[in-house]
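First comes the structure, then the notes that go with it.
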Ligand SMILES: Nc1ncnc2c1ncn2[C@@H]1O[C@H](COP(=O)(O)OP(=O)(O)O)[C@@H](O)[C@H]1O
Ligand SMILES: [Mg+2]
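Chains as they are written, first to last, in our numbering: chain A, 1 to 325; chain B, 1 to 351.
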């Protein structure tokens, strides 16, 4: 008995061949993750949820720009001074529309991303499919990495899709204002900064998405990620932001501690990064676009730290614990 | 002797666990388990509900970590080489689970991608093949959430077979199926076995196991209480039923047989009073079927004339009840024996 077990450890038995109809793919680490990511995306596509979420986002883009156009139209009818109409028109066309779209992405879009990621991670526990997927070959880490991959793809496609939709809808509706769009803002540098602007938006969404992945993994449920991140981003972060303002009126170390708190929030650091791009993208003479106090490096490092913590702990917990579902 | 065989047959050991143990807090769900499954076995893993079957399967598949001990599968330690092992296994753990919003067919495609198979249409042919095998061709496009329990079980088996694995591990695959469904599953297991697959099947239906398995392990409260060839175990379970005309004779005969057991007839394992279906007193003698003439002669020498002597085949049911009933316990009574006996009735026995 003993001897046989020692022998057994030394040499694994050679695998036998499979039926000819079973076509195996590449078995290296990355290929397996890519295949799983493809499967995740396929599953997302087949869910009713993703259709509903897409519908909501398209509808909200159309309605926001529609409302702007409608307001401009009604004003024109009332004979309101064309200055106001001009401002509506600016919001409808580039570069102004970009700001509006990104704001939409970081509010409503953010909620939808959190719903999506919480569902694709927590759903494996709710549906108990985790015990199916974790007994097929890929490691738990590969499995979670594929979820991260699929989330990233969804965020990127979602941002690009909504931005394109928003830009074209805005441009089309702008015709109702009678103001001819100009493209004299356009330059290679403008394009570069706009791309950067969108990448920052994606990074912001990804950070919240990874928080959802982390909490859904920890809580083994969709609701854990959903409730957790929504509470964090729409309640706790704003409250801490207020505490930061409050800190200004207190002197001494406690005051400066309170004041520094918002520098470490996800939302405020995304705002910093976006704000630092503003002056390159929106060349309006208004005094709104002051670069923020904080540096890009600080903001990026804070966001990176969040990502490392969320993904790191999720991977660690996922790898270590017993699957009893 | 047995050790020598397993040593030489090293290549043929598919699963071997040593000291495998899992505790949930104070509850020891699986205790010090030594299992050995050989290539080509249809291995029955038996035990009442809560005896630790699923916990063992979860450990084999790396879903949970053993508290102690280890499992070697295909010669690899599953705590270090799990992915390589899993690629050669198809398994069901408890009731089969799939994505409820996908059809049966799309679920199999998802499983294919997760099993290292090429994704998309490259796996179409195999998916169709497997749907045929488990006879779900017609319902392939229905959403999984609308499947009946029987269909879920069949899809689970389909998924387990998808990548044509060497080892098929099924956790209570006949659970929730009607007799026809259970029969189909037994047929399927037989066919798979003929194809040279190694099959590990857990069940609390003794009947299932007896019909399809060549080897079994019996689990009780997390402890392995028997492991061996089904044929040998059945031989051990053979009985001779003796009926006499009067109660007095029956009692005399019982005493005689029990004395004989202690004084020179070691092949009598036990002799107990019981009643048959017509509620008539009988004696159950635990002895090889071939010994009935000798028993008859023994009784006759003492002027006890049997009205009936009937050899009876062994069954895992009898074996199990014998192993777990209070009377079978070794001299010192252990606490919790009443609970053990109660549990043994959880085992469902089909007529
Ligand atoms: N997650 C768990 N936490 C605590 N106890 C558990 C857990 N899972 C199983 N058990 C206990 O372990 C024992 C064995 O359970 P299980 O392996 O599911 O038995 P079987 O599959 O043979 O019916 C039972 O007493 C059960 O209550
Ligand atoms: Mg079970």
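Ideal Cβ placement from N, Cα and C applies to all residues, glycine included. Fair warning: this is a prediction, and the values are worked out from it, not measured in the lab.
Check, Outcome
"Buried or exposed (CB count within 10 angstroms, at least 16 for buried), residue 358 of chain B", "This structure cannot speak to residue 358 of chain B, because chain B is shown only from 1 to 351."
"Any C-beta of chain B under 9 Å from that of residue 16 of chain A", "yes"
"DSSP state of residue 176 of chain B mapped onto helix, strand, coil", "coil"
"Own chain partners of residue 313 of chain A with C-beta closer than 7 Å, once the 5 adjacent residues on each side are dropped", "214"
"Nearest candidate by alpha-carbon position, reference residue 210 of chain B, set B:183, B:221, B:311 and B:143", "B:183"
"For residue 182 of chain B, the three-state DSSP class (helix, strand or coil)", "helix"
"Beta-carbon separation (whole angstroms), residue 150 of chain A vs residue 41 of chain A, contact threshold 8 Å", "5 Å"
"Residue 25 of chain B: CB within 8 Å of a non-hydrogen atom of ligand 1", "yes"
"Residue 228 of chain B, buried or exposed, once every other Cβ within 10 Å from all chains shown has been counted against 16", "exposed"
"Own chain residues within Cβ distance below 6 Å of residue 185 of chain B, not counting five before or after", "173 and 174"
"Nearest-angstrom beta carbon gap, residue 38 of chain B and residue 12 of chain A [assumed within contact, 8 Å]", "The Cβ separation is near 16 Å, so there is no contact."
"Residue-level contact to chain B via CB, residue 1 of chain A, 9 Å cutoff", "Low confidence applies here, because residue 1 of chain A scores a pLDDT of 41, under 50, leaving its location unreliable; read the following figure in that light. It does; some Cβ of chain B falls within 9 Å."
"Buried/exposed call for residue 253 of chain A, threshold 16 Cβ in 10 Å", "exposed"
"Listed by chain order, chain A residues near residue 65 of chain B by CB distance under 8 Å", "322"
"Identity of the residue in B:10, B:19 and B:12 nearest residue 222 of chain B by Cα", "B:19"
"Residue from A:69, A:232, A:233 and A:262 whose Cα sits closest to the Cα of residue 244 of chain A", "A:262"
"9 Å Cβ cutoff met for residue 299 of chain A and residue 270 of chain A", "yes"
"DSSP-derived helix/strand/coil call for residue 45 of chain B", "strand"
"Any 3 or more C-beta pairs closer than 8 Å across the segment 83-103 of chain A and the segment 59-71 of chain A", "yes"
"Residue 204 of chain B burial status per 10 Å Cβ neighbour count (16 or more: buried)", "buried"
"Alpha helix (DSSP H) segments (min. 4 residues) lying fully within the segment 182-223 of chain B", "206-212"
"Chain-order list of residues whose beta-carbon lies under 7 Å from that of residue 174 of chain A (same chain, five-residue window excluded)", "89, 92, 93 and 181"
"DSSP beta-bridge partners of residue 24 of chain B", "B:27"
"Residue 232 of chain A versus residue 221 of chain A: straight-line alpha-carbon distance, rounded", "17 Å"
"Contact the segment 72-92 of chain B vs the segment 131-145 of chain B: 3+ CB pairs below 8 Å", "no"
"Local conformation of residue 363 of chain B per DSSP, three classes", "For residue 363 of chain B there is no data in the structure shown, the boundaries of chain B being 1 and 351."
"For residue 40 of chain B, the nearest candidate out of B:220, B:91, B:22 and B:12 (CA to CA)", "B:12"
"Any chain A beta carbon closer than 9 Å to residue 87 of chain B", "yes"
"Status (buried if at least 16 other CB within 10 Å, exposed otherwise) for residue 273 of chain A", "buried"
"Cβ-Cβ separation, residue 301 of chain B to residue 241 of chain B (assumed contact under 8 Å), whole Å", "No, residue 241 of chain B and residue 301 of chain B are not in contact; Cβ-Cβ is about 20 Å, not under 8 Å."
"contact_flag[the segment 250-261 of chain B, the segment 282-292 of chain B] where n(CB pairs < 8 Å) is 3 or more", "yes"
"Per DSSP, the bridge partner or partners of residue 270 of chain B", "B:286"
"Rounded separation between residue 250 of chain A and residue 257 of chain A - CA only", "10 Å"
"CB contact below 9 Å: residue 38 of chain A versus chain C", "Looking at the structure shown, chain C is missing, and the protein chains on hand are A and B."
"Nearest-residue set for ligand 1, Cβ under 5 Å from any heavy atom", "A:324, B:24, B:29, B:49, B:50, B:51, B:52, B:53, B:54 and B:55"
"Helix, strand or coil at residue 232 of chain B [DSSP, three-state]", "helix"
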